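K.L.:
Per my numbering, the sequence shown runs over residues 61 to 568. Built from N, CA and C at the ideal position, the CB exists for glycine as well. Please read these numbers as outputs of a predicted model, since none were measured by experiment.
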Amino acid sequence: MARGSLWDELGRDREQRRRSEVARLRAEAQIRKDDRRSTAGTRRGDAAHERAERDAEAVRRQTELDARLTALAGVLYVVVAFPIPTISDLRDLPPEVEPEPFDEEPPRWADFAPPEPGLLGRLGHNRAVAQARTRFDEEFAEFERRRAAAADRDRIRAAEARADHERRIDGLVAAAAGGDPDAVPELTAALLRTITPLRGLVRRGRAVHQSEAAELAVEVELPGTDVVPVEREWRHVVTRRTVAPVERKAAERAALYADVIGQVTLAVLAICFRAFPPGLVDAVTVNGHITATDPATGRPTHPCLVTVTAARSTFAELHLDNPELDARRCVAFLGAEISPHPYQLEAVQPFVDVDLLIRYRLVTAPQALAQIDHRTDLMDMDPHEFEKLVAALFRAKGYDAWHTQSSRDDGIDAVATKADPYVPTECLIQVKRVRSVVPPKDIQALMGAMREHPTATNGLLVTTSRFSDRTRQRARAQGIATMEGAELGLQIKEHLGRDVVNSAQARR
């Protein structure tokens, strides 16, 4: 019995150890399982957190994109709502004067306070503190005087700048009323600088004022094509674990850019008509250029992407504050031309060449000068001699050209032809040696004369004066080329080597 009890006891002990080992193994397996679950849960939590962050990033970028597009779509509306100043109001808008830097730091008490005394120095410490306080107060008062003096200098500089600005604007306004051709362009530049919504969209520009015709030609630098976002939307791409853009189609970018161009053009027109009174500016031409690199040559290029001429009476009929107004259709209504492919830098021909007008003003004398120098005044020439001069100009340019006989010209003063096996040219030229602005009916008269000459391929209307905005628009619509007095004088000088004076272009 004793031996059996011993074996039984040993058996029970082995079984107990086996059960304990099994329990331990099960516990360890459960711990590993729990660890895996915990790790998986942590990973799932981390992944969910990362997904939430990417979702938030996509929303943030989309919100910024939507705000940018909304701002671009509302440029015109914001400018129209902006308090556009008149030229007289400019005197109350002086340029900001940056204060002179005052980098001096105020005195610090820590630099004056005496060190804490030991056990034996307490008696003299209060006296040292009082002396240090006196020095500190003196230094701080001197610092305040220097700071106040700097502020006074800034106020004086600002007052002087304001007074100079007011004198300059008053002088320019008076000069503009007196017909000074330089005054209105300077006022135009000052106006464009004051319109906050256009900052960044109209970078720079120049203008020419023709006081006798009350016309203002403005050339502005448009924003680049990068003003339109390439992204159409931002998405969280879960499979790639990233926030990626969806690109906008090229045609859509071009349409949005054309809309921005149209809005900026209308905004510049609105500013000019609002600022300048009738009689001083009755018609405004806006040419919008862009500075870029020609991808075909790598050279810098400056194409004109939009050109429009509008009369005050026509522009006054527009409701630019209507949110349903379409800028592109509006400038088309005004007879504008917008580049059909601005992203390819496809240029349009400006209605009015600002560079040409500036050059013309530098080489053309007023009527009084024509009376005292040796140059020929185009307005003093015999009409037939003037027509022969125009024919000679085209011969010098490589055409076969002749002056027509007055009894058989059907309203045509000269004909210029150029033989070409593929594209022969026969251009009918009509000349208007006048001082007044050429009306649209003369375009129709030239069109009628061309119908009587079925072999004619082109028509050209030449004048010593200028064309009205409607005349320019009708000429372009009918495919008729035009040459105004400014360009005529330059071309006679360039191709015929003759210095002429055009008193029809002189100030009245």
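Identify the continuous beta strand (DSSP E) that holds Gln533 and give its terminal residues.
P.N.:
No beta strand (DSSP E) contains Gln533, which is instead part of the alpha helix (DSSP H) from Asp529 to Gln538.
K.L.:
Starting from Ile489, trace the beta strand (DSSP E) both ways and give me its first and last residue.
P.N.:
Thr485 to Lys492
K.L.:
Roughly how far, in whole angstroms, is the beta-carbon of Pro500 from the beta-carbon of Arg530, given that I think they are within contact range, below 8 Å?
P.N.:
Under the criterion of beta carbons closer than 8 Å, Pro500 and Arg530 qualify as touching, at roughly 5 Å.
K.L.:
For Asp623 and Val280, I'd like the C-alpha separation in whole angstroms.
P.N.:
A question about residue 623 goes unanswered here, because the residues of the chain that appear run from 61 up to 568.
K.L.:
Give me the DSSP bridge partner(s) of Gln270.
P.N.:
In the DSSP assignment, the residues bridged to Gln270 are Glu275.
K.L.:
Roughly how far, in whole angstroms, is the beta-carbon of Pro241 from the beta-carbon of Ser271, given that I think they are within contact range, below 8 Å?
P.N.:
6 Å
K.L.:
Mind the definition here: the segment 248-258 touches the segment 325-334 only if three or more C-beta pairs lie below 8 Å; say whether that holds.
P.N.:
yes
K.L.:
My understanding is that Thr369 touches Phe336, with C-beta atoms under 8 Å, so please give their C-beta distance in whole angstroms.
P.N.:
Thr369 to Phe336, Cβ: 15 Å. No contact.
K.L.:
Which one of Glu312, Ile418, Gly339 and Arg334 has the shortest CA to CA distance from Ser148?
P.N.:
Arg334
K.L.:
Specify whether the segment 289-301 and the segment 335-350 touch according to this definition: at least 3 beta carbon pairs, one from each stretch, less than 8 Å apart.
P.N.:
With the cut-off at 8 Å, the segment 289-301 and the segment 335-350 do not touch.
K.L.:
In whole angstroms, give me the CA-to-CA distance for Asp480 and Glu384.
P.N.:
50 Å
K.L.:
Using only alpha-carbon positions, find the residue among Gln538, Thr523 and Gly539 that is nearest to Ser563.
P.N.:
Thr523
K.L.:
Which residues in the same chain have their Cβ closer than 6 Å to the Cβ of Gln323, if we skip the five residues on either side of it in sequence?
P.N.:
Val135, Leu136 and Ala387
K.L.:
Note the first and the last residue of the continuous alpha helix (DSSP H) segment covering Lys501.
P.N.:
Lys501 to Arg511
K.L.:
Please give the ranges of any beta strand (DSSP E) in the segment 334-396, keeping only runs that are unbroken, at least 3 residues long and fully inside the region.
P.N.:
343-349 and 364-371
K.L.:
Rounded to whole angstroms, what is the Cα-Cα separation between Glu275 and His555?
P.N.:
28 Å
K.L.:
Can you tell me whether DSSP reads Met543 as helix, strand or coil?
P.N.:
strand
K.L.:
Around the C-beta of Thr130, are 16 or more other C-beta atoms found within 10 angstroms, so that it is buried, or is it exposed?
P.N.:
exposed
K.L.:
Tell me the DSSP secondary structure of Asn186 in three-state form.
P.N.:
Reduced to three states, the DSSP call for Asn186 is helix.
K.L.:
The beta strand (DSSP E) with His444 in it runs from where to where?
P.N.:
Here His444 belongs to no beta strand (DSSP E); instead the alpha helix (DSSP H) covers Pro443 to Ala456.
K.L.:
How should Glu124 be labelled, buried or exposed, when 16 other C-beta atoms within 10 angstroms of its C-beta is the threshold for buried?
P.N.:
exposed
K.L.:
Near Ala352, what residues of its chain come up, given a Cβ to Cβ distance below 6 Å and the 5 sequence neighbours on each side ignored?
P.N.:
Thr361 and Leu405
K.L.:
What is the DSSP secondary structure of Thr256, reduced to helix, strand or coil?
P.N.:
In the three-state reduction of the DSSP assignment, Thr256 falls in the helix class, which pools H, G and I.
K.L.:
Under a three-way DSSP split, which group does Thr517 fall into?
P.N.:
coil
K.L.:
Got a sec? Which residues, its chain only, sit under 7 Å from Val139 by beta carbon, not counting five neighbours each side?
P.N.:
Ile255, Pro257, Leu258, Ala327 and Ala330
K.L.:
Quick one: is Gln490 buried, meaning 16 or more other Cβ sit within 10 Å of its Cβ, or exposed?
P.N.:
buried
K.L.:
In terms of residue numbering, what span does the alpha helix (DSSP H) encompassing Ala141 cover?
P.N.:
Val135 to Ala141
K.L.:
So what does DSSP say about Val119, is it helix, strand or coil?
P.N.:
helix
K.L.:
Which term fits Gly557, buried or exposed, when burial requires 16 or more other beta carbons within 10 angstroms of its beta carbon?
P.N.:
Under a 10 Å Cβ-count criterion, Gly557 is classified as exposed, with fewer than 16 other Cβ atoms of the shown protein chains found around its own Cβ.
K.L.:
So the beta strand (DSSP E) Arg151 belongs to, where does it begin and stop?
P.N.:
Neither: Arg151 is in no beta strand (DSSP E) and is coded neither H nor E.
K.L.:
Assuming Asp502 contacts Leu521 under a Cβ cut-off of 8 Å, what Cβ separation, rounded to an integer in Å, is found between them?
P.N.:
6 Å
K.L.:
Which residues does DSSP list as the beta-bridge partners of Val475?
P.N.:
Trp462 and Leu488
K.L.:
Please tell me whether Ala243 and His269 are closer than 9 Å, where the distance is taken between their beta carbons.
P.N.:
yes
K.L.:
Let me confirm a value: Glu447 is counted as buried when at least 16 other C-beta atoms fall within 10 Å, else exposed. Which label applies?
P.N.:
buried
K.L.:
Name the residue from His463, Leu438, Pro443 and Glu445 whose alpha carbon lies nearest to the alpha carbon of Ala546.
P.N.:
Leu438
K.L.:
For Arg301, which of helix, strand or coil comes out of DSSP?
P.N.:
In the structure shown, Arg301 adopts coil according to DSSP, grouped into three states.
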